[in-house]
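Residue numbers (our numbering), protein chains in the order written: chain A, -10 to 150; chain B, -10 to 150. Using N, Cα and C, we set each Cβ at its ideal position, and we do this for glycine too. Below is one structure, written out as structure tokens; the observations come after it.
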DNA sequence: TCCTATCGATTGAACTTTCAACTATCACGC
DNA sequence: GCGTGATAGTTGAAAGTTCAATCGATAGGA
């Protein structure tokens, strides 16, 4: 059913045609942009979007290491998903697991040298793609708007538990 | 690796700290918003985001029917994904397949009465969620900016094949 | 007419994500 | 010290997606 035309007798606050058009463009973007970026990453570096950002997050930590739970937050993943993902990266030799000496419950994901090297190879191509698809296309004003909008929506989601 | 600090000798056009911050917020949004919307849809209507928009697209067509390929475009899916998805919806009685009499290669996905009824049940809750998370949060100016930004990025992606 | 290429769609296998159940460790009150 | 509950992470199965192979229908040329 179209969100533009009420056919139920329930809530009356449907989207206006204009709002609907914006929504369609935006959902399309939320699908297409990740797809486009992943295509480049897979092609050139055999990495998915999440894998790249997991490695990237590790590379920014002192000691190239991080607790699984913290990494899950940075990589926008649930713990279970991250655990599987790290297992796969471990098999490829990009990451290893080490127990946290200060807390027996915690596990550190540690970037290996091979993993770091792979990331260093992958980063320029990925960043170039982000530039081409986003930063070269929007002017600073539009970028700022995007950031504000993103922050507002995220705050709203966060504020509901 | 951080996109903010070059460690490779290749391309020099890294993101500035400001650009990087914007990018992080935006990727976070691209993950969180669909997740939040899907949570509501699954909870209240046992539908995924794609399933909802596939049913919605069908409901807007004359005869509540559409060729698989066209539906794939509207639902932001590849044909294979859509084929599996329609099979699942078919099992639940929301959709059926019919051959296209005008072209033996084509198949129509047809919304059943049960499927339409389910969509009518689902729509108000979903639209309310979109309102709450997006339209109630952004002012018309910001919405407009979002739309322009989305259009520009999509155009850019489309223009590269 | 036949041969080939292309199109629209399906299929099954491989892969990834999700979900629920489980293990192990720690924190706290008693 | 000893249960009880919360925390951190893993695991396996189920669900969903992606990829490559396939199949039938059609279009276009020799």
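Self-check item: Length-filtered (3 minimum) beta strand (DSSP E) runs lying within the region 46 to 81 of chain A
Solution: 54 to 56
Practice problem: Determine which residues share a DSSP beta bridge with residue 26/B and list them. | Solution: BP columns for residue 26/B are empty, so no partner.
Exercise. Return the first residue and the last residue of the beta strand (DSSP E) that residue 127/B is part of.
Key: Unbroken run through residue 127/B: none, as it is neither H nor E.
Practice problem: Taking 8 Å as the threshold, find out whether the region 122 to 138 of chain B comes into contact with the region 129 to 148 of chain A through three or more Cβ pairs. | Solution: yes
Self-check item: Three-state secondary structure assigned by DSSP to residue 90/A
Solution: coil
Quiz prompt | Neighbourhood of residue 67/B by C-beta, 8 Å cutoff - its chain only, sequence neighbours within 5 removed | solution = 61
Practice problem: Specify, as a first and last residue, the run of the alpha helix (DSSP H) that residue 122/B falls within. | Solution: Here residue 122/B belongs to no alpha helix (DSSP H), and DSSP marks it neither H nor E.
Practice problem: Report the rounded CA-to-CA distance for residue 92/B versus residue 56/B, giving the unit in angstroms. | Solution: 10 Å
Exercise. Hey, could you find the ends of the beta strand (DSSP E) residue 100/B is sitting in?
Key: 96 to 100
Quiz prompt | CA-to-CA distance, residue 35/A to residue 46/A, given in whole angstroms | solution = 18 Å
Exercise. Please list the partners that residue 23/B has in chain A, where partner means a Cβ-to-Cβ separation under 9 Å.
Key: 16, 19 and 20
Quiz item: Where does residue 2/B fall in DSSP's three states?
Solution: coil
Quiz item: With DSSP run on the structure shown, which of helix, strand or coil describes residue 149/A?
Solution: coil
Quiz item: Using 8 Å as the Cβ pair cut-off and three pairs as the minimum, do the region 26 to 42 of chain A and the region 96 to 104 of chain A touch?
Solution: no
Quiz item: What is the C-beta distance between residue 39/A and residue 3/B, in whole angstroms, given that I count them as a contact (C-beta under 8 Å)?
Solution: The Cβ separation is near 21 Å, so there is no contact.
Quiz item: Taking 8 Å as the CB-CB limit, is residue 75/B close to chain A?
Solution: no
Quiz item: Leaving out the 5 sequence neighbours to the left and right, which residues in its chain are closer than 8 Å to residue -7/A when beta-carbon positions are compared?
Solution: Because residue -7/A sits at a pLDDT of 49, beneath the cut-off of 50, its placement in the model cannot be relied upon, and the following sentence gives the value as read from the coordinates. Closer than 8 Å at Cβ, skipping near neighbours: 3, 4, 5, 6 and 9.
Self-check item: Residue-chain proximity (residue 135/A, chain B), Cβ-Cβ < 8 Å
Solution: yes
Quiz item: What's the C-alpha gap between residue 105/A and residue 95/A?
Solution: 22 Å
Exercise. With 9 Å as the C-beta to C-beta threshold (strictly closer), list the residues of the region 54 to 65 of chain A near chain B in chain order.
Key: 65
Quiz item: CA-CA distance, residue 26/A and residue 81/A?
Solution: 22 Å
Quiz item: Going by the beta-carbon positions, is the gap between residue 127/A and residue 44/A smaller than 8 Å?
Solution: no
Self-check item: Interface partners of residue 141/B on chain A, CB under 8 Å
Solution: 126, 127 and 131
Exercise. Ignore the nearest five residues each way along the sequence and tell me which others in residue 77/A's own chain have a CB closer than 7 Å to its CB.
Key: none
Exercise. Find the residues of chain A that neighbour residue 2/B, judging by a C-beta separation of less than 8 Å, and give them in chain order.
Key: 116, 117 and 120
Quiz item: For residue 42/B, which option in 17/B, 71/B, 14/B and 52/B has the closest C-alpha, if you only look at C-alpha atoms?
Solution: 71/B
Quiz item: Under a CB-based cut-off of 8 Å, is residue 27/B close to chain A?
Solution: no
Quiz item: Mind checking if residue 101/A is an interface residue toward chain B, Cβ cutoff 8 Å exclusive?
Solution: no
Exercise. Please compile the residues from chain B whose C-beta is within a distance smaller than 7 Å of the C-beta of residue 11/A.
Key: 132, 135 and 136
Quiz prompt | Candidates 111/B, 15/B, 90/B and 21/B, of which the one nearest residue 48/B by Cα | solution = 111/B
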